[in-house]
Amino acid sequence: MAVVRRAPSGAPVACLPGLLTCVQPPPLFTINPDIDTETLLAHACESLASANVMAHDLAGFLEGTHRNTLLGIAQVIMLGELAVNRALDQVDRPG
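The opening residue of the sequence shown carries number 1423 in the numbering used here; numbering runs sequentially from there.
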């Protein structure tokens, strides 16, 4: 029986009895380490903007506390988008 442990990233790692090392599955998604910070921030900003639009679109179909909860989530997404935009402005700023 495999023993399941957690890697530092939080991903499960299978350790089989008798093996000297643990087998960690490859990550499902990886970020290219050569991508510059500005590109990463721009992508994060666009992703957050899309999530905000989707949350607001879905909120139009809900009522009551479910709608209020989703609008609260949309606000948190928007605040994250504002923070990423601010960081992007600082990266763009010369010197």
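A virtual CB, placed ideally from N, CA and C, is assigned to each residue, including glycine. Since the structure is predicted, the reported quantities are computational estimates derived from the model, not experimental observations.
Mind checking residue i: buried by the 16 CB within 10 Å criterion, or exposed?
| i | result |
| --- | --- |
| L1503 | Looking at the sequence itself, residue 1503 is Glu, so the reference to Leu does not match. When all chains shown are included, E1503 counts as buried. |
| I1499 | buried |
| L1484 | exposed |
| V1513 | exposed |
| L1463 | buried |
| L1450 | exposed |
Where does residue i sit, in a helix, a strand or coil, going by DSSP?
| i | result |
| --- | --- |
| E1460 | helix |
| R1515 | coil |
| I1453 | coil |
| G1482 | coil |
Taking the alpha-carbon of residue i as reference, which of the options has the nearest alpha-carbon?
| i | options | result |
| --- | --- | --- |
| A1496 | V1475, E1485 and L1484 | V1475 |
| R1508 | L1493, G1494, A1481 and E1460 | E1460 |
| G1494 | D1511, D1514, A1473 and T1452 | A1473 |
| A1477 | R1489, C1467 and P1448 | R1489 |
Rounded to whole angstroms, how far is the Cβ of residue i from the Cβ of residue j, which I believe are closer than 8 Å?
| i | j | result |
| --- | --- | --- |
| L1501 | L1492 | Actually they are not in contact, since the Cβ atoms of L1501 and L1492 sit about 15 Å apart, beyond 8 Å. |
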